[in-house]
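In what follows, a structure is listed as structure tokens, so that the remarks can point back to it.
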Amino acid sequence: MVALFVLALFILFIAMDFIVLKVQGKTHPAFEKVLSISGLSYVPEMEIKVPDDIVLSKGHLWMKKNKSGLVKLGVDDFVNTALGNISIQNNLSVGKELKRGEVIFEGKVGNKKLKFHSPVNGVVRSINSNSHDREYSDSYSNWNVELSSKDFASGNVTYFSGSEALNWLRQEFTKLDDFLKLHSAMPELVGATMYDGGKMVEGVKAGLNDKAAEDFEKEFLSL
Amino acid sequence: MLKEKGLLFDVTMCVGCGSCYKACKEQNKLPQTNKDFLKDHLSENTYTVVEQYGDNYARKLCMHCDEPSCASVCPVGAFKKSDTGAVLYDGDKCIGCRYCMQACPHKVPRYEWEKTQPRVRKCTLCHDRVKAGKLTACAEACPTEATLFGNMDDLIAVAKKRLKENPGKYYQHIYGLEEAGGGHVLILSPVPFEQLGYTAKLPKESMPSLTMKAMEKIPPVVAVGGVFLTGMYWLTKRKNEIAREEKKSNKGIKV
Amino acid sequence: MKLSEILKPTFWKVVSVIIVTVGLYSTYFRFTRGLGASTNLYDTVPWGLWIGFDFLGVGLAAAGFTIAATVHIFHMHKFEPIVRPAILTAFIGYSLVATLLIVDLGRPENFWHPLVMWNIHSVMFEITWCIICYTTVLVLEFAPVVLEKFNLKAPIKLLKKFSIPVVIAGVLFSTLHQSSFGSLYLIVPGRLHPLWYSPLLPVHFYISCIGVGLSMIIFESYLIARAFNRGLNMNILSGAAFAVLIDLIIGFLLKVFDFISTGKLALLTVPSKETYLFYLEILIGTFIPIFLLSQKKVREDRKWLYFSAIFVIAGFMLNRLNVCTTGLERSAGYTYFPSFDEVSITLMLVVLAMFAFRLVVKFFPVFEEEPILHSKQNNVLETKQIILSE
Ligand code: SF4
Ligand code: SF4
Ligand code: SF4
């Protein structure tokens with residue numbers, strides 16, 4: 009009897025925890041949607057999450073609609089993984105009207121700039137000035153621009169969410185792997201570097217090559 | 403050889419008068435717990451009871467084991483076997499873990515649950531009286547000599563004699579002689595002992611020896627375990643070093 | 015964290031405060047009125063929920079020694095990131111057990127007696143000493159984390175020198191007392207139901223504590239991920255899950271061997287409360303998790319891994335409580351059910367233990383390792399930069 013009682017208590021607490029999280033609109037870590045990447049040659053093994061309330065656009069910007077109907081935008085995990093420490097620069101001002109496909113901001117990697125395109129038509133409502141010191145591990149809480157947009161609601165945009173987003177990201181990472189293969193000038197060096205746990209040899213750091221930057225934009229950042 | 407004292411209780415001679423019950427209460431200054439002594443049970447205020455099973459009456463009390471479980475399990479050694487044969491308890495040592503109560507094969511020790519500084523309670527084989535050369539209070543009070551006090555070897559002889567002389571009257575077994583390693587309270591009965599509420603089917607070996615079998619393994623486990631772990635430490639460390647060296651040389655070839 | 019944030023009521027905070035308040039009142043009641051008034055214990059059932067929880071606490075904290083041995087003795091450094099959480103869990107688990115034991119003692123003011131009054135034949139005596147020694151080991155193992163925080167290098171160096179002997183001692187002490195919890199019942203063959211009584215009880219206890227200790231680490235990783243918004247390192251957790259699988263299989267085979275060699279198989283067909291609970295325990299704690307964990311997919315899936323860990327833990331709880339309550343009920347002739355005070359004090363201590371864990375994690379570098387996502391991204395970033403440069 010005591011055994012059953014304690015067991016019931018244990019299960020009750022676990023169940024209650026699930027319910028509490030559900031009510032709060034959060035996901036229990038056991039139920040988070042994650043994509044684990046493995047078996048690629050240049051992209052290391054890792055896990056990528058896509059929160060339930062996030063949608064991804066084809067140009068690798070994430071969008072999240074908040075209660076007041078505004079849409080926050082930011083750079084997704086894929087870009088952060090592939091490019092690493094990018095700093096976002098924009099020339100927008102609040103109130104500016106953006107057309108779908110127009111440049112919304114630029115990301116600076118080394119001394120090269122990559123253009124990101126707005127996935128929706130909309131009006132700039134606010135700009136996050138703190139977004140520079142982003143943390144890699146949390147792409148989805150670092151937004152860059154907030155828009156008010158009608159087509160986000162009307163469903164005129166191609167975007168991915170939930171498991172669809174994970175599937176799409178998997179394809180994108182495979183594509184990235186091929187891309188790296190193609191653009192890699194020194195495969196042995198890269199191989200050796202990866203093998204040693206990714207610690208880079210001092211002094212190899214240099215800027216992006218123009219061609220590679222252009223190709224990356226075309227392959228991954230266009231809508 | 404044995405000058406140790408004990409009790410022999412003969413169910414066939416017990417008339418169920420409750421004299422032992424009352425004498426014990428008086429001797430140990432225990433309060434009244436039940437108007438009808440036959441309905442009472444062992445408790446912190448009752449060290450012995452007389453139970454009725456049809457026409458038979460059976461006394462229950464501590465068996466004063468030769469190798470008492472209660473003494474063996476007590477982490478602080480609060481139970482001791484005294485030279486008179488009694489198993490005695492020292493309340494000043496006791497921490498109140500109640501392992502003695504859990505371990506006793508006869509479920510004898512009782513606890514003062516209602517007190518904030520509780521003690522374990524059980525029959526003392528009237529240790530003070532016996533030391534002073536007297537009988538136990540219960541044996542003295544018994545009008546029919548159903549409870550007999552004496553030297554252990556005498557009691558065993560008496561018991562054996564009764565079994566032999568009256569094979570029809572007795573169930574041929576001296577309860578308490580070998581049960582759980584044997585003790586200082588022997589019981590004779592006309593019926594099998596489980597019918598009188600005694601814990602039957604107890605193994606003959608002493609209970610503490612069951613634990614000792616496991617405890618004996620501690621030194622070898624520690625020794626072998628220590629050597630094994632140290633060995634594994636060096637082995638796996640060496641293995642990793644070799645692997646690392648190999649890795650290095652491989653890389654050299656590649657570049 | 016700002017004060018306002020601390021005071022902000024969340025569901026679990028409110029529940030915890032209620033549990034602790036009620037628990038404190040029960041504690042007061044227990045110490046002023048004694049065991050009789052506050053518990054449902056009885057002369058033939060001298061051990062109840064509290065002792066049962068001590069069994070659980072010690073078993074669930076077993077990862078402290080297994081993980082330390084895996085990393086420091088067997089040099090499997092993949093598990094390095096969970097060494098500290100495991101040791102902290104063990105330390106807090108043991109503190110909980112010690113506190114609960116003191117609450118349970120009839121004469122708590124005499125708790126120090128085993129230190130000076132020895133009875134080397136007593137399993138309880140051995141357990142007391144092993145637990146004291148092992149807790150010291152845990153303090154030594156965790157000390158570097160505290161010293162790191164205050165940047166004291168010299169003592170860390172000193173501790174490092176002795177770290178391997180300390181880890182080895184920890185493993186030995188754990189082996190002894192984990193199994194000795196089983197030995198406690200060796201002396202009651204007539205009382206413990208034969209479904210559980212076995213001369214191999216200490217071995218059963220030892221094997222099952224390893225599996226459940228690791229499952230607890232898995233379970234706890236989810237709690238940590240949830241409370242501190244951290245990622246889960248599935249690679250490590252699946253590794254641990256595989257070890258749990260092996261352990262469960264060994265444990266099961268031993269049980270089968272035990273039942274066959276002592277001729278207890280016939281007992282399995284006797285319809286009784288004990289038999290049903292035994293089946294439930296085996297089903298939940300052995301069959302289901304072995305079935306689940308034997309599939310690679312499950313071990314690598316976060317949802318199923320979580321449920322598997324819960325099954326192992328639940329099965330373990332059933333097993334220990336079956337040994338120390340269900341299995342003894344029949345011979346005691348008294349059906350014990352814990353009193354309100356027993357339950358509330360236990361819950362209070364569990365809540366306090368979780369709170370202590372949170373507090374330590376907040377102030378000390380328990381998770382020294384960078385979150386896995388982070389380091390891997392750096393890795394790619396740098397590779398990438400090499401590639402794109404010519
Ligand atoms: S009967 Fe029980 S209490 Fe009495 S001596 Fe034997 S083990 Fe101890
Ligand atoms: S309750 Fe007292 S006498 Fe009994 S085992 Fe514990 S410390 Fe010893
Ligand atoms: S020997 Fe003494 S203490 Fe024991 S039952 Fe008889 S009278 Fe009571």
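Protein chains in written order, with the numbering used here: chain A, 9 to 231; chain B, 403 to 657; chain C, 15 to 404. Note that the Cβ used here is the ideal one computed from N, Cα and C, for glycine as well.
- When the beta-carbon positions are compared, residue 98 (chain A) and residue 86 (chain A) stay at least 7 Å from each other.
- Taking a beta-carbon distance threshold of 7 Å, residue 504 (chain B) counts as an interface residue toward chain C.
- Contact between the region 164 to 180 of chain A and the region 57 to 67 of chain A is established, with three or more Cβ pairs separated by less than 8 Å.
- If you ignore the 5 residues before and after residue 90 (chain A), its C-beta comes within less than 7 Å of the C-beta of 184, all in its own chain and listed in chain order.
- Against chain C, the beta carbon of residue 96 (chain A) has no neighbour under 7 Å; the closest one sits roughly 16 Å away.
- Look at residue 600 (chain B) here: in three-state DSSP terms it is coil, with no helix or strand label.
- Distance from the CA atom of residue 41 (chain A) to the CA atom of residue 58 (chain A), rounded to whole angstroms, is 6 Å.
- For residue 127 (chain C), the enclosing alpha helix (DSSP H) starts and ends at 127 to 130.
- Separation of residue 330 (chain C) and residue 52 (chain C) (C-alpha to C-alpha, rounded to the nearest whole angstrom) is 27 Å.
- Proximity of chain C to residue 44 (chain A) at the Cβ level (cut-off 8 Å) is accounted for by 248 and 314, in chain order.
- Between ligand 3 and residue 448 (chain B), a heavy atom-to-CB distance of less than 6 Å is absent.
- For the region 612 to 645 of chain B, the set of positions with a beta-carbon nearer than 8 Å to some beta-carbon of chain C reads 612, 613, 614, 615, 616, 617, 620, 623, 624, 627, 628, 631, 632, 634, 635, 638, 639, 641 and 642 in chain order.
- With a cutoff of 6 Å, residue 540 (chain B) counts as near ligand 3, since its C-beta is closer than that to a heavy atom of the ligand.
- The beta carbon of residue 87 (chain A) sits no closer than 7 Å to any beta carbon of chain C.
- Within the model, the alpha-carbon separation for residue 182 (chain A) versus residue 94 (chain A) is close to 21 Å.
- By the Cβ-count criterion, residue 192 (chain C) is buried, with 16 or more other Cβ atoms from all chains shown falling within 10 Å of its own Cβ.
- Here DSSP, grouped into helix, strand and coil, assigns residue 606 (chain B) to coil.
- Excluding the 5 residues flanking it on each side, residue 218 (chain C) has same chain C-beta neighbours closer than 8 Å at 196, 212, 265, 268, 269 and 272, in chain order.
- Secondary structure in the region 444 to 526 of chain B: the beta strand (DSSP E) runs of 3 residues or longer, each lying completely within the stretch, are 451 to 455, 458 to 462, 481 to 483 and 489 to 491 in chain order.
- In this structure, the beta-carbon distance from residue 207 (chain C) to residue 155 (chain C) does not fall below 7 Å.
- The shortest C-alpha to C-alpha distance from residue 185 (chain C) to any of C:82, C:337 and C:216 is the one to C:82.
- Residue 54 (chain C) has a beta carbon lying at 7 Å or more from every beta carbon in chain A.
- Note on geometry: alpha-carbon atoms of residue 180 (chain C) and residue 159 (chain C) lie some 16 Å from one another.
- Going by DSSP, residue 70 (chain A) is part of no alpha helix (DSSP H) but of the beta strand (DSSP E) stretching over 69 to 73.
- The Cβ neighbour count for residue 646 (chain B), taken over all protein chains shown within 10 Å, is under 16; the residue is labelled exposed.
- Its Cα nearest to that of residue 507 (chain B), the residue C:202 stands out among C:275, C:321 and C:202.
- Restricting attention to A:23, A:13, A:153 and A:20, the CA atom closest to the CA of residue 104 (chain A) is found in A:153.
- Rounded to whole angstroms, the separation of the alpha carbons of residue 303 (chain C) and residue 222 (chain C) is 13 Å.
- The residue among B:426, B:531, B:572 and B:566 with its C-alpha nearest the C-alpha of residue 552 (chain B) is B:531.
- Three or more beta-carbon pairs drawn from the region 469 to 486 of chain B and the region 132 to 142 of chain C are found closer than 8 Å, and the two stretches are therefore classed as touching.
- Residues of the region 180 to 197 of chain C whose Cβ lies closer than 7 Å to any Cβ of chain B, in chain order: 182, 185, 186, 189, 190 and 197.
- Look at residue 486 (chain B): its beta carbon is at least 6 Å from all of the heavy atoms in ligand 3.
- The contact set of residue 66 (chain C) on chain A, defined by CB atoms closer than 9 Å, consists of 10, 11 and 14 in chain order.
- Comparing alpha-carbon positions, the option among B:431, B:446 and B:458 lying closest to residue 419 (chain B) turns out to be B:458.
- With respect to chain C, the C-beta atom of residue 23 (chain A) has no partner C-beta closer than 7 Å.
- Under DSSP, residue 66 (chain A) forms no beta bridge with any residue.
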